[in-house]
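**Q** Structure provided below as structure tokens; questions to follow.
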Amino acid sequence: MGNHTKNGTTILWEVQRMTEWRTLTTCCHINATDYCCCSKLPVTVYKPPDNVSFSFRNHSGPLLEGHQYTLQCEVHNVAPVENLIVTFYRGQTALGQLQSNNIEKKPVTEIFTLSFNTKKEDDGVQYWCEAKLELGPEGPQPPPVVTSEKLSATVNSTPAPGTNPSTSSTLIPSFKPPDSVSIGFNYGRMLKYRQYTLLCKVQKVAPVENLIVTFYGGQTALGQLQSNNTEKKPVTEIFTLNINTKKEDDGVQYWCEAKLELGPEGPQPPLVLTSEKFSSPWTIPSTSSTPIPSFKPPDSVSIGFNYGRMLKYRQYTLLCKVQKVAPVENLTVTFYGGQTALGQLQSNNTEKKPVTEIFTLNINTKKEDDGVQYWCEAKLELRPEGPQPPLVLTSEKFSSPWTIPSTSSTPIPSFKDRQHWVNYSPTTQRRNQ
12 MGNHTKNGTT ILWEVQRMTE WRTLTTCCHI NATDYCCCSK LPVTVYKPPD
62 NVSFSFRNHS GPLLEGHQYT LQCEVHNVAP VENLIVTFYR GQTALGQLQS
112 NNIEKKPVTE IFTLSFNTKK EDDGVQYWCE AKLELGPEGP QPPPVVTSEK
162 LSATVNSTPA PGTNPSTSST LIPSFKPPDS VSIGFNYGRM LKYRQYTLLC
212 KVQKVAPVEN LIVTFYGGQT ALGQLQSNNT EKKPVTEIFT LNINTKKEDD
262 GVQYWCEAKL ELGPEGPQPP LVLTSEKFSS PWTIPSTSST PIPSFKPPDS
312 VSIGFNYGRM LKYRQYTLLC KVQKVAPVEN LTVTFYGGQT ALGQLQSNNT
362 EKKPVTEIFT LNINTKKEDD GVQYWCEAKL ELRPEGPQPP LVLTSEKFSS
412 PWTIPSTSST PIPSFKDRQH WVNYSPTTQR RNQ
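Here it is, written out as structure tokens:
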């Protein structure tokens, strides 16, 4: 596919159009001893958004001061959506930054939402959102960015008490400020151009649905989250936010803020409690009475099997490879045939640093298995202090009969390597021979 041009030790590969969203290419050469060396090059096919639209969710007309509203940013036909970073803006101020956990490689349309509370000063301010496709140092520089239209907000003051029956009869809700707020993250020392998970633990707050948690890097708001827990009694909640690091983040102090926003009838200003601040490389604060466990979600999960083409009434071994996860003893791997769980496994490896582990499961085939899709799921279960719901990553799905590529030196058909990026439009890539 495409054209190949050789120039010394460099091969130029050029394609006019790429339509395979999940693809892998192999680069081979013969050395001086006539030994053939091959390496697989994972290829990321990307597509910038067609357009980005912005609106206030389930609302039209003027806004009311001191009330909560939800911003909505819809990104159309983008791939891969897991590399998309969406930022909401009030004027030139970033309100929050969100990412998708959708691992679909083909172009999809995704909706991102962010809740905020209005102030009198917001009258006339323009709201908008920006979608950036961040593919790391190997991707296009600067990254592709598409912005929405800007919407101007009209903010009306809250009516004085007694002028509106609906507001004068509003009761101040029962509440309890948090006992403490602590921040942590998933694992180890920060490296640039990697994704990490920040965690903000808010101890015994009520009502938790009125809590707004904001993550900060320095004085920059990285994202804002709310709970959908409707429990009115005091509860402890952990909020998580994924971030992508840059070289400039070295030494930045990370922290989180918990604000109990009870509306115009509640305490003014709203009750705010902040965590301690700490710099990368990160260390989990020892002052927390219940430490947030250190962990690292898998880089990837891939599935394969032991040999050749499936025949009925034979035994085969499924393999699930989980890349760089910690702690691996808290990992639960489930194998599936279609939507049926075939088996569940755990590791007895007590290593706390990230490791790569291969889990195997023997299966016996039946005639009815022809065409069934096999896949595996890796769940990092850190309860009760870990993120809820637990972190889950799934492999790709593939159907029997299976054929393992003859160039593969390992039974699992995919592995991480230096990333190469291919646009869906005419693109050129280079790879040293």
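In our numbering, each residue's number is its place in the sequence shown (first place is 1) plus 11. Ideal Cβ placement from N, Cα and C applies to all residues, glycine included. Predicted model, so just to flag it, every value in this text is computed and none were measured.
Are Thr247 and Lys288 close, meaning C-beta to C-beta below 8 Å?
**A** Residue numbering aside, residue 247 sits at position 236 when the sequence shown is read from its first letter. Residue numbering aside, residue 288 sits at position 277 when the sequence shown is read from its first letter. No. Outside cutoff.
**Q** Assuming Val89 and Val119 are in contact, meaning their beta carbons sit under 8 Å apart, how far apart are those beta carbons, in whole angstroms?
**A** Position 78 of the sequence shown, counted from the first residue, corresponds to residue 89. Position 108 of the sequence shown, counted from the first residue, corresponds to residue 119. About 7 Å separates the two Cβ atoms, so the contact holds.
**Q** Roughly how many whole angstroms lie between the Cα atoms of Ser163 and Tyr138?
**A** Here residue 163 refers to the residue found at position 152 when the sequence shown is read from its first residue. Here residue 138 refers to the residue found at position 127 when the sequence shown is read from its first residue. Approximately 6 Å between the Cα atoms of the pair.
**Q** The beta strand (DSSP E) that contains Thr34, what's its start and end?
**A** Sequence index remark: in the sequence shown, residue 34 carries index 23 (1-based). First-last of the beta strand (DSSP E) with Thr34: Arg33 to Ile41.
**Q** Considering Cα atoms alone, identify which of Arg205, Leu282, Pro280 and Phe306 is closest to Asp261.
**A** Within the sequence shown, the letter at position 250 stands for residue 261. Taking only the C-alpha atoms, the option nearest Asp261 is Arg205.
**Q** State the beta-bridge partners of Asn88 as determined by DSSP.
**A** For the purposes of this step, residue 88 is taken as residue 77 along the sequence shown, with counting starting at 1. Looking at the DSSP assignment, Asn88 forms no beta bridge with any residue, so it has no partner.
**Q** If contacts are defined as beta-carbon pairs under 8 Å, then Phe306 and Cys267 qualify, I think. What distance do you get, rounded to the angstrom?
**A** Reading the sequence shown from its first residue, position 295 is the one you call residue 306. Reading the sequence shown from its first residue, position 256 is the one you call residue 267. With a Cβ gap of about 18 Å, Phe306 and Cys267 do not count as contacting.
**Q** Okay, do the stretch 33-50 and the stretch 127-136 touch, 3+ Cβ pairs below 8 Å being the bar?
**A** Counting Cβ pairs under 8 Å, fewer than three are found: no touch.
**Q** Would you check if the stretch 376-388 and the stretch 346-359 touch, i.e. whether three or more CB-CB distances between them fall below 8 Å?
**A** yes
**Q** Taking the straight line between their C-alpha atoms, what separation do you get for Val86 and Asn62?
**A** To locate residue 86, count along the sequence shown from 1; it is residue 75. To locate residue 62, count along the sequence shown from 1; it is residue 51. Between Val86 and Asn62, the C-alpha separation is close to 6 Å.
**Q** From this set, Leu252, Lys17, Val92 and Asp134, which residue's C-alpha is nearest Tyr207's C-alpha?
**A** The residue you call residue 207 lines up with position 196 of the sequence shown. Taking only the C-alpha atoms, the option nearest Tyr207 is Leu252.
**Q** With DSSP collapsed to three states, give me the class of Lys378.
**A** Here residue 378 refers to the residue found at position 367 when the sequence shown is read from its first residue. The answer is helix: DSSP assigns Lys378 an H, G or I state.
**Q** Please go through the stretch 54-140 and give each complete beta strand (DSSP E) segment of 3 or more residues, from N-terminal end onward.
**A** Listed in chain order, the complete beta strand (DSSP E) runs (minimum 3 residues) inside the stretch 54-140 are 62-67, 79-89, 95-101, 104-110 and 119-128.
**Q** What are the partner residues of Phe409, as DSSP defines its beta bridges?
**A** Within the sequence shown, the letter at position 398 stands for residue 409. Looking at the DSSP assignment, Phe409 forms a beta bridge with Tyr385.
**Q** Examine the Cβ distances between the stretch 231-241 and the stretch 105-123 and report whether three or more of them are shorter than 8 Å.
**A** yes
**Q** With DSSP run on the structure shown, which of helix, strand or coil describes Val336?
**A** Here residue 336 refers to the residue found at position 325 of the sequence shown. Here Val336 sits in strand by DSSP.
**Q** Hey, would you say Val312 sits closer than 8 Å to Ala389, going by beta carbons?
**A** Reading the sequence shown from its first residue, position 301 is the one you call residue 312. Reading the sequence shown from its first residue, position 378 is the one you call residue 389. The answer is yes: Cβ separation under 8 Å.
**Q** Kindly indicate which residue of Phe67, Ile314, Val336 and Thr20 has the alpha-carbon position closest to the one of Lys408.
**A** Counted from its first residue, the sequence shown places residue 408 at position 397. The candidate whose alpha carbon is nearest that of Lys408 is Ile314.
**Q** What number of angstroms, rounded off, separates the C-alpha of Arg28 from the C-alpha of Ile374?
**A** For the purposes of this step, residue 28 is identified with residue 17 of the sequence shown, where counting begins at 1. For the purposes of this step, residue 374 is identified with residue 363 of the sequence shown, where counting begins at 1. Cα to Cα, Arg28 sits roughly 40 Å from Ile374.
**Q** Check Lys258 in the structure and name its three-state DSSP category.
**A** Within the sequence shown, the letter at position 247 stands for residue 258. Helix at Lys258.
**Q** Going by the DSSP bridge assignment, what does Thr351 pair with across the sheet?
**A** Position 340 of the sequence shown holds residue 351. Thr351 is bridged to Gly348.
**Q** Just to check my reading of the structure: Val166 and Glu76 have Cβ atoms closer than 8 Å, yes? What is that Cβ distance to the nearest angstrom?
**A** As a first step, residue 166 must be located in the sequence shown, where it is residue number 155. As a first step, residue 76 must be located in the sequence shown, where it is residue number 65. Yes, Val166 and Glu76 are in contact; Cβ-Cβ is about 5 Å, under 8 Å.
**Q** Between which two residues does the beta strand (DSSP E) containing Gly315 stretch?
**A** Counting from one through the sequence shown, the residue named residue 315 turns up at place 304. Its beta strand (DSSP E) spans residues Ser311 to Phe316.
**Q** Determine whether the beta carbon atoms of Asn94 and Glu31 lie at a separation below 8 Å.
**A** Counted from its first residue, the sequence shown places residue 94 at position 83. Counted from its first residue, the sequence shown places residue 31 at position 20. The answer is no: Cβ separation not under 8 Å.
**Q** Below 8 Å between beta carbons: does that hold for Gln334 and Pro308?
**A** For this step, residue 334 is matched to residue 323 along the sequence shown. For this step, residue 308 is matched to residue 297 along the sequence shown. The answer is no: Cβ separation not under 8 Å.
**Q** Could you tell me if Ile122 is buried or exposed, where buried requires 16 or more neighbouring beta carbons within 10 angstroms of its beta carbon?
**A** Residue numbering aside, residue 122 sits at position 111 when the sequence shown is read from its first letter. Ile122 should be labelled exposed.
**Q** Would Thr21 be called buried (16 or more neighbouring beta carbons within 10 Å of its own) or exposed?
**A** For the purposes of this step, residue 21 is taken as residue 10 along the sequence shown, with counting starting at 1. Under this definition Thr21 is an exposed residue.
**Q** Please return the same chain residues whose Cβ sits closer than 7 Å to the Cβ of Leu353, not counting the five positions on each side in sequence.
**A** As a working note, residue 353 is residue 342 in the sequence shown. So the list reads Phe346, Tyr347, Leu372 and Ile374, once near-sequence residues are dropped.
**Q** Is Arg325 buried or exposed, if buried means 16 or more other CB atoms sit within 10 Å of its CB?
**A** On the sequence shown, position 314 is the one that residue 325 refers to. The residue in question, Arg325, is exposed, as its Cβ has fewer than 16 Cβ neighbours within 10 Å.
**Q** I'd like the list of long-range same chain contacts for Leu236, defined as Cβ closer than 7 Å, with 5 residues on each side in sequence excluded.
**A** Mapped onto the sequence shown, residue 236 falls at position 225. Answer for Leu236: Val224, Phe250 and Leu252, listed in chain order.
**Q** Is the Cβ-Cβ distance between Thr81 and Thr16 less than 8 Å?
**A** Numbered from 1 along the sequence shown, position 70 holds the residue referred to as residue 81. Numbered from 1 along the sequence shown, position 5 holds the residue referred to as residue 16. Cβ atoms of Thr81 and Thr16: not closer than 8 Å.
**Q** Rounded to the nearest angstrom, what separates Ser168 and Pro280 at their Cα positions?
**A** Counting from 1 along the sequence shown, the entry for residue 168 is found at position 157. Counting from 1 along the sequence shown, the entry for residue 280 is found at position 269. For Ser168 and Pro280, the distance between alpha carbons rounds to 16 Å.
**Q** Would you mind working out which of Lys364, Thr351, Thr405 and Asn359 sits nearest Pro338, comparing C-alpha positions?
**A** Residue 338 sits at position 327 when you count from the first residue of the sequence shown. Of Lys364, Thr351, Thr405 and Asn359, the residue nearest in Cα terms is Lys364.
**Q** Taking Lys161 as the reference, give the member of Thr367, Phe65, Cys47 and Glu392 with the closest Cα.
**A** Translated into the one-based positions of the sequence shown, residue 161 becomes position 150. The candidate whose alpha carbon is nearest that of Lys161 is Phe65.
**Q** Using only CA atoms, which one of Thr55, Lys378 and Leu109 lies nearest to Pro147?
**A** To locate residue 147, count along the sequence shown from 1; it is residue 136. As written in the sequence, residue 147 is Gly, which differs from the Pro given in the question. Residue Thr55 is the option with its Cα nearest to Gly147.
**Q** Among the candidates Gln110, Gln83 and Cys84, whose CA atom is the shortest distance from the CA of Ile96?
**A** As a first step, residue 96 is located in the sequence shown; it is residue number 85 there, counting from the start. Considering only alpha carbons, the answer is Gln110.
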